[in-house]
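Taken in order, the sequence shown gives residues 1 to 191; the numbers are from the UniProt record's numbering.
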Amino acid sequence: MTKRVMIVGIPGVGKSTVITNVFNLLSQEGIDTKIAEFGKIMFEQAKLLSINNRDQLRKLSIEQQRSLQEMTANYINSLGNDVVIIDTHLFIRTEQGYYPGIPLKLLTIINPSHLILITAKSEEIHKRRTDDNSRQRDLISIDRISDDLRLSESMISSSSIISGCPFYIIQNNTDEIEKATDDIRKVILGK
């Protein structure tokens with residue numbers, strides 16, 4: 001049976017790095033593992049609808065975006081690897097408010113076995129965002145990062161209640177990435 005592990009976290013928590021490390025560790029142990037980056041897959045699905053630029057996605061109607069999200073969720077649900085790590089966001093901050101990254105319909109389609117929130121201290125996240133020249137990140141205040149972390153905890157617990165799936169909060173503090181990686185490995189393997 002495929003384990004579908006949703007891993008989420010706000011920008012700057014080190015989610016991509018931890019996910020890559022978990023993937024490498026599980027693969028080295030002979031576990032057939034796949035990373036499913038929700039945004040990337042959604043864009044691939046959009047190409048089937050003649051959308052050739054990621055910026056065009058934001059210009060689609062909410063109904064079209066929801067349809068693409070559902071297509072993406074169905075694709076992810078069809079993957080038969082031993083472990084599918086779903087890299088996505090809990091929420092997207094928009095001018096109209098917060099938009100859920102994993103609404104009920106997607107949770108129902110994907111049917112995750114695990115929900116994992118990667119977190120870190122607000123000050124560390126702020127420093128990582130400030131120091132990261134490789135990506136264009138919104139630089140926001142430490143207070144706003146703290147607000148986003150609290151919102152993340154609320155949303156992951158709500159997603160757990162809705163889906164009936166357990167959730168875990170994993171700390172990825174500075175210089176502790178190996179611990180975060182091993183903690184997630186243990187969650188996935190039940191050891």
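In this text, a Cβ means the ideal position worked out from N, Cα and C, and glycines have one as well.
DSSP on Q171, reduced to helix/strand/coil?
Translated into the one-based positions of the sequence shown, residue 171 becomes position 171. Judged by DSSP in its simplified three-state form, Q171 adopts strand.
Per-residue burial, N133 [other beta carbons within 10 Å of its own, 16 or more giving buried]:
Taking the sequence shown and counting its residues from 1, the one referred to as residue 133 is at position 133. Burial call: exposed.
Where does the unbroken beta strand (DSSP E) through G97 begin, and where does it stop?
Counting from one through the sequence shown, the residue named residue 97 turns up at place 97. G97 to P100 is the span of the beta strand (DSSP E), which, as asked, contains G97.
Short of 8 Å in beta carbon distance, which residues of its chain neighbour S157, apart from the five on each side in sequence? Order them along the chain.
By one-based count along the sequence shown, residue 157 stands at place 157. So the list reads F167, once near-sequence residues are dropped.
Under DSSP, the beta strand (DSSP E) around D87 begins and ends at which residues?
Counting from 1 along the sequence shown, the entry for residue 87 is found at position 87. Per DSSP, D87 belongs to the beta strand (DSSP E) from V83 to D87.
Alpha carbon to alpha carbon, how far is N77 from I109?
Numbered from 1 along the sequence shown, position 77 holds the residue referred to as residue 77. Numbered from 1 along the sequence shown, position 109 holds the residue referred to as residue 109. Distance between the alpha carbons of N77 and I109: 7 Å.
For T2, which three-state DSSP category applies?
The sequence position of residue 2 within the sequence shown is 2, counting from 1. Three-state result, T2: coil.
Of the residues G97, H114 and Q28, the one placed nearest G190, counting alpha carbons only:
For the purposes of this step, residue 190 is taken as residue 190 along the sequence shown, with counting starting at 1. For G190, the nearest C-alpha among the options comes from H114.
For the alpha helix (DSSP H) holding L106, just list the boundary residues, first then last.
Numbered from 1 along the sequence shown, position 106 holds the residue referred to as residue 106. Boundaries of the alpha helix (DSSP H) harbouring L106: L104 to I110, taken from the DSSP string.
Quick one: what's T33 bridged to in DSSP?
Translated into the one-based positions of the sequence shown, residue 33 becomes position 33. V83, per the DSSP bridge assignment.
Can you tell me whether N53 is buried or exposed? The criterion is at least 16 other CB atoms within 10 Å of its CB, across all chains shown.
For the purposes of this step, residue 53 is identified with residue 53 of the sequence shown, where counting begins at 1. Classification for N53: exposed.
To which residues of the same chain is L149 closer than 7 Å at the C-beta, ignoring the five residues directly before and after it?
For the purposes of this step, residue 149 is identified with residue 149 of the sequence shown, where counting begins at 1. I10, T119 and S122.
So is residue 194 buried or exposed if we call it buried at 16+ other beta carbons inside 10 Å?
Residue 194 is absent from the structure shown; the chain starts at 1 and stops at 191.
Opposite F91 in the DSSP bridges: which residues?
Here residue 91 is taken as the residue at index 91 of the sequence shown, counted from 1. DSSP output for F91 lists P100 as bridge partner(s).
Express the C-alpha separation of G80 and M1 in angstroms, rounding to a whole number.
Numbered from 1 along the sequence shown, position 1 holds the residue referred to as residue 1. Numbered from 1 along the sequence shown, position 80 holds the residue referred to as residue 80. Note on geometry: alpha-carbon atoms of M1 and G80 lie some 8 Å from one another.
Classify I162 as buried or exposed, calling it buried when 16 or more other Cβ atoms lie within 10 Å of its own Cβ.
Within the sequence shown, the letter at position 162 stands for residue 162. Classified as exposed, I162 has fewer than 16 neighbouring CB atoms from the shown chains inside 10 Å of its CB.
In angstroms, rounded to a whole number, what distance separates the CA positions of E178 and E29?
The residue given as residue 178 occupies position 178 in the sequence shown. The residue given as residue 29 occupies position 29 in the sequence shown. Each residue's alpha carbon lies about 16 Å from the other.
Buried or exposed by the 16-neighbour rule on C-beta atoms within 10 Å, applied to T94
On the sequence shown, position 94 is the one that residue 94 refers to. When all chains shown are included, T94 counts as exposed.
Does DSSP classify L115 as helix, strand or coil?
Within the sequence shown, numbered from 1, the residue matching residue 115 stands at position 115. L115 sits in a strand when the DSSP states are folded into three classes.
In whole angstroms, what is the alpha-carbon distance linking I86 and L26?
By one-based count along the sequence shown, residue 86 stands at place 86. By one-based count along the sequence shown, residue 26 stands at place 26. Rounded to whole angstroms, I86 to L26 spans 15 Å at the Cα level.
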